[in-house]
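Which chain is which? The protein sequence lines are Z and C, in order.
My numbering puts the first sequence at residues 382 to 673.
My numbering puts the second sequence at residues 33 to 395.
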Amino acid sequence: MTTIPLPQISPAPHKVVTQESPWARWTLILLALSFLSLFLLLPLVAVFFEALRKGWEVYLAAITEPDALAAIRLTLTAAAIAVPLNLIFGIAAAWAIAKFEFRGKSILTSLIDLPFSVSPVVAGLIYVLIFGLQGWAGPWLREHDISIIFAVPGIVLATIFVTVPFIARELIPLMQAQGSEEEEAAIILGASGWQTLWHITLPNIKWGLLYGTILCNARAMGEFGAVSVVSGHIRGLTNTLSLHVEILYNEYNFVAAFAVASLLALLALVTLVLKTLAEAKVAQQTTRGNHS
Amino acid sequence: MSIEICALSKQFGSFTALNSINLKVNPGELLALLGPSGSGKTTLLRIIAGLETADSGQVLFNQENSTDKHIRDRHVGFVFQHYALFRNMTIFENVAFGLRVRPRKQRPNTREINRRVTELLQLVQLDWLADRYPHQLSGGQRQRIALARALAVEPGVLLLDEPFGALDAKVRKELRAWLRKLHNDMHITSVFVTHDQEEALEVADRIVVMNRGRIEQIGTPNEVYEKPANPFVYEFLGHVNLFHGRVHQGHAWIGDLEIDAPEYPEAEDLSAIAYVRPHDIEVERTLNGEPALAAYVAHILSIGPVVRLELTHGDDLTQGAIHATISKERFRELQLVKGDQVFVKPRRLDLFPNHAHNGSIHS
Numbered sequence: 382m383t384t385i386p387l388p389q390i391s392p393a394p395h396k397v398v399t400q401e402s403p404w405a406r407w408t409l410i411l412l413a414l415s416f417l418s419l420f421l422l423l424p425l426v427a428v429f430f431e432a433l434r435k436g437w438e439v440y441l442a443a444i445t446e447p448d449a450l451a452a453i454r455l456t457l458t459a460a461a462i463a464v465p466l467n468l469i470f471g472i473a474a475a476w477a478i479a480k481f482e483f484r485g486k487s488i489l490t491s492l493i494d495l496p497f498s499v500s501p502v503v504a505g506l507i508y509v510l511i512f513g514l515q516g517w518a519g520p521w522l523r524e525h526d527i528s529i530i531f532a533v534p535g536i537v538l539a540t541i542f543v544t545v546p547f548i549a550r551e552l553i554p555l556m557q558a559q560g561s562e563e564e565e566a567a568i569i570l571g572a573s574g575w576q577t578l579w580h581i582t583l584p585n586i587k588w589g590l591l592y593g594t595i596l597c598n599a600r601a602m603g604e605f606g607a608v609s610v611v612s613g614h615i616r617g618l619t620n621t622l623s624l625h626v627e628i629l630y631n632e633y634n635f636v637a638a639f640a641v642a643s644l645l646a647l648l649a650l651v652t653l654v655l656k657t658l659a660e661a662k663v664a665q666q667t668t669r670g671n672h673s
Numbered sequence: 033m034s035i036e037i038c039a040l041s042k043q044f045g046s047f048t049a050l051n052s053i054n055l056k057v058n059p060g061e062l063l064a065l066l067g068p069s070g071s072g073k074t075t076l077l078r079i080i081a082g083l084e085t086a087d088s089g090q091v092l093f094n095q096e097n098s099t100d101k102h103i104r105d106r107h108v109g110f111v112f113q114h115y116a117l118f119r120n121m122t123i124f125e126n127v128a129f130g131l132r133v134r135p136r137k138q139r140p141n142t143r144e145i146n147r148r149v150t151e152l153l154q155l156v157q158l159d160w161l162a163d164r165y166p167h168q169l170s171g172g173q174r175q176r177i178a179l180a181r182a183l184a185v186e187p188g189v190l191l192l193d194e195p196f197g198a199l200d201a202k203v204r205k206e207l208r209a210w211l212r213k214l215h216n217d218m219h220i221t222s223v224f225v226t227h228d229q230e231e232a233l234e235v236a237d238r239i240v241v242m243n244r245g246r247i248e249q250i251g252t253p254n255e256v257y258e259k260p261a262n263p264f265v266y267e268f269l270g271h272v273n274l275f276h277g278r279v280h281q282g283h284a285w286i287g288d289l290e291i292d293a294p295e296y297p298e299a300e301d302l303s304a305i306a307y308v309r310p311h312d313i314e315v316e317r318t319l320n321g322e323p324a325l326a327a328y329v330a331h332i333l334s335i336g337p338v339v340r341l342e343l344t345h346g347d348d349l350t351q352g353a354i355h356a357t358i359s360k361e362r363f364r365e366l367q368l369v370k371g372d373q374v375f376v377k378p379r380r381l382d383l384f385p386n387h388a389h390n391g392s393i394h395s
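As structure tokens, this is what we get:
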């Protein structure tokens with residue numbers, strides 16, 4: 382037997398083929414940074430700057446006047462109803478799509494994306510068409526003294542519509558990547574359906590669920606278009622935070638408008654931080670599977 | 033517990049996964065379902081477990097019809113190819129899971145659970161990993177934990193789906209021997225699926241060779257290796273040389289080589305294929321009066337206790353080169369080098385007259 386000498390492995394070349402020249406790199410970085418500062422950072426700073434222009438007292442007064450508090454309350458209520466409902470729907474839909482084969486699966490998948498592709502204003506109009514006074518269900522609703530449009534239920538409905546995709550979309554790829562072997566193993570070991578959901582499925586998707594919930598919540602609180610159509614803009618009754626900002630702005634009450642807007646901006650910042658934390662955990666949960 | 037399968041069929045769309053399978057697994061035996069991918073072996077295992085339902089046919093546990101029994105009530109242990117350990121639980125919790133989810137009345141108390149889990153972890157020799165998470169373990173360790181978890185509920189039957197398929201060669205060999213030993217100690221009726229013939233031959237009490245949804249042969253490792261029932265089994269189990277020839281009145285011809293075939297006295301000039309294992313090929317430097325096939329040494333592989341020769345042959349009697357395995361001593365005697373002419377002759381062969389060769393399997 383003769384031995385064939387292995388070819389000498391040359392040390393890794395210093396210049397990686399996919400690496401651009403320093404000049405190109407710095408141009409790209411600078412371009413991205415200036416774009417972000419101009420369109421994202423500057424407005425954010427402007428919001429707080431304008432809000433505090435006349436000092437703390439005016440700022441606090443703007444966000445604690447009764448109409449503002451009512452708007453805050455309504456926004457929280459809408460989110461408190463829409464987010465849990467979407468949580469349940471999101472888990473159910475993702476479970477069905479990721480773990481079962483059934484007829485109409487692709488239709489369900491595209492339906493979940495519908496709110497992303499439809500303009501929120503159109504979504505609001507659809508509800509007006511259905512539940513409005515002149516709408517299909519209008520006469521029946523009036524007879525029974527139920528108001529949906531220009532009332533809180535309409536706002537909740539519109540909020541649910543625009544936030545449907547967030548949780549399901551986050552969970553489907555995660556659940557598909559994890560497969561259903563762990564659930565099968567649990568059932569063979571004698572676990573019931575609920576025990577399997579509670580001990581196996583939910584813990585495995587908890588970070589993805591949190592991530593989806595954060596995004597869903599941010600959208601629920603910040604939604605403007607769909608809510609604007611169904612709200613009727615009744616001060617202290619059917620105004621959400623975003624709508625309240627618009628009204629104040631249209632009344633040239635800039636300081637108050639920016640003060641309320643700063644609340645939404647703060648929410649966005651908190652969301653961003655939580656989202657980043659959850660994102661890292663999701664990545665961990667996906668890769669820490671049995672296949673790693 | 034015994035398992036009996038009667039006329040079991042399963043269709044996935046237009047693909048027939050199982051075609052009227054009949055099989056009996058004796059109590060306490062270790063049975064291998066062996067076959068290429070798509071042969072239906074995993075489907076059969078999953079139907080026994082209750083993870084899939086058959087289109088028709090029955091599964092009986094201890095003579096009791098269990099076809100429509102829910103998975104939970106079948107008391108089977110199942111080991112997955114990719115372990116399927118619960119990633120959010122520690123190793124201890126993984127093994128304890130089957131006991132903890134029991135209804136309150138049947139659930140052992142905490143002390144009892146602790147004792148049982150510790151005992152099982154000792155059995156798989158991994159009690160020192162109790163507090164770790166699955167992702168911190170190697171593949172071989174995970175599969176042993178998966179086995180401990182399956183055994184925790186004291187199943188009547190243990191089912192293993194390609195249990196060593198995802199592991200590297202060395203670990204696979206160790207675990208094979210370990211499983212065999214474990215089975216010798218526990219005597220739990222076990223069925224395992226594999227596409228690795230070596231694994232099946234080494235571990236199983238009996239082997240069921242499957243192909244395209246049918247059972248080709250059932251027998252002990254020795255039986256299926258020494259007396260394959262048909263060409264498929266021959267080609268699937270171990271290396272084999274295939275020769276095209278003819279059979280006529282108790283004699284077979286492969287080229288000019290005449291061989292006695294007393295089992296076929298009535299044959300009238302039938303085409304046939306003959307199988308010869310590499311170690312049943314005799315290699316000589318010169319013709320010693322007896323008929324033999326001339327061939328040339330194309331390649332020599334002399335690693336390990338035997339020398340493997342690849343011999344090219346002029347005629348199209350064979351499929352590709354002839355593979356012969358000879359001992360190191362014989363190799364030294366012959367003093368072969370690449371390009372030498374040799375004469376080969378089968379010491380033992382199996383004839384399958386009139387068989388259209390399916391030519392698909394080369395292991």
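For each residue, glycine too, the CB sits at the ideal point set by N, CA and C.
What residue from 99(C), 100(C), 382(C) has the CA that sits closest to residue 257(C)'s CA?
382(C)
Which residues in chain C sit within 7 Å of residue 562(Z), going by Cβ to Cβ distance?
112, 114, 116
Within the chosen definition, does the region 407-426 of chain Z reach the region 615-623 of chain Z through at least 3 CB pairs nearer than 8 Å?
no
So residue 584(Z) contacts chain C; which residues on that side make the cut at Cβ distance below 9 Å?
Those are 118, 119, 120, 121, listed as they occur along chain C.
With distances taken between CB atoms, is the gap from residue 291(C) to residue 354(C) smaller than 8 Å?
no
Do we get a CB-CB distance below 8 Å when we pair residue 145(C) with the residues of chain Z?
It does not; no Cβ of chain Z falls within 8 Å.
Is it buried or exposed for residue 193(C), if we count other Cβ within 10 angstroms and need 16 for buried?
Counting Cβ neighbours within 10 Å, residue 193(C) comes out buried, since at least 16 surround it.
Just to confirm, are residue 82(C) and residue 107(C) a CB contact at a threshold of 8 Å?
Contact check for residue 82(C) against residue 107(C) fails: the beta carbons are separated by 8 Å or more.
List, in order along the chain, the chain B residues whose C-beta lies closer than 7 Å to that of residue 576(Z)?
In the displayed structure, chain B is absent; the protein chains listed are Z and C.
So, does the CB of residue 671(Z) fall closer than 8 Å to a CB anywhere in chain C?
Any reading at residue 671(Z) must be qualified, since the residue scores a pLDDT of 46, below 50, and its modelled position is unreliable; no value is offered.
Where residue 573(Z) and residue 133(C) are concerned, what is the direct C-alpha to C-alpha distance, given to the nearest angstrom?
8 Å
So residue 167(C) and residue 238(C) are in contact, right, with Cβ under 8 Å, and what is the actual spacing, rounded?
Not a contact, Cβ separation roughly 37 Å.
Establish whether the CB of residue 57(C) and some CB of chain Z are separated by less than 8 Å.
no
Alpha carbon to alpha carbon, what distance is there between residue 462(Z) and residue 587(Z)?
20 Å
Going by DSSP, name the residue or residues bridged to residue 10(C).
As displayed, chain C neither begins before 33 nor continues past 395, which places residue 10(C) out of reach and without an answer.
How about residue 464(Z) and residue 636(Z): do their beta carbons lie closer than 8 Å?
no
Please state the DSSP three-state secondary structure of residue 397(C).
Summary: the structure shown does not reach residue 397(C), with chain C confined to residues 33 through 395, and so no result is reported for it.
Does DSSP put residue 657(Z) in a helix, in a strand, or in coil?
helix
Over what stretch of residues does the beta strand (DSSP E) that includes residue 285(C) continue unbroken?
283-286
If you check the beta carbons only, do residue 449(Z) and residue 625(Z) fall under 8 Å apart?
yes
Determine the chain Z residues that contact residue 103(C) at a beta-carbon separation under 7 Å, and present them in chain order.
Ordered by position in chain Z, the residues that pass the 7 Å Cβ test against residue 103(C) are 568, 569.
Which chain C residues sit within Cβ distance under 7 Å of residue 572(Z)?
133
Can you look up residue 392(C) in the DSSP assignment and give me helix, strand or coil?
Any reading at residue 392(C) is ruled out, since the residue's pLDDT is 38, under 50, leaving its predicted position unreliable.
Chain Z partners of residue 381(C), CB-CB under 7 Å?
In chain order: nothing, as chain Z lies at least about 31 Å away.
Using three-state DSSP, classify residue 203(C) as helix, strand or coil.
Three-state DSSP puts residue 203(C) in a helix.
With DSSP run on the structure shown, which of helix, strand or coil describes residue 259(C)?
coil
Taking any Cβ of chain Z, which residues in the region 73-97 of chain C have a Cβ under 7 Å from it, in chain order?
Among the residues of the region 73-97 of chain C, those with a Cβ less than 7 Å away from any Cβ of chain Z are 81, 83, in the order of the chain.
Counting contacts by CB-CB distance shorter than 8 Å, is residue 382(Z) in contact with chain C?
Residue placement at residue 382(Z) cannot be trusted, given a pLDDT of 44 that sits under 50; what the coordinates show is reported in the next sentence. Taking a beta-carbon distance threshold of 8 Å, residue 382(Z) counts as an interface residue toward chain C.
Reducing DSSP to helix, strand and coil, say where residue 193(C) ends up.
strand
Enumerate, from N- to C-terminal direction, the unbroken alpha helix (DSSP H) stretches of 4 or more residues contained entirely within the region 84-132 of chain C.
123-132
Hey, how far is the Cα of residue 77(C) from the Cα of residue 400(Z)?
51 Å
Can you look up residue 673(Z) in the DSSP assignment and give me helix, strand or coil?
Per-residue confidence for residue 673(Z) stands at a pLDDT of 41, beneath the threshold of 50, marking its modelled position as unreliable; the derived number appears in the next sentence. If DSSP states are grouped into helix, strand and coil, residue 673(Z) belongs with coil.
Out of curiosity, what's the CA-to-CA distance linking residue 371(C) and residue 311(C)?
21 Å
Taking the beta carbon of residue 577(Z) as the centre, do at least 16 other beta carbons fall within 10 Å, making it buried, or is it exposed?
buried
Decide if the region 639-659 of chain Z is in contact with the region 414-430 of chain Z; the criterion is three or more beta carbon pairs, one per stretch, under 8 Å apart.
Yes: at least three Cβ pairs fall under 8 Å.
Can you tell me which of the three DSSP states residue 529(Z) falls into?
Three-state result, residue 529(Z): coil.
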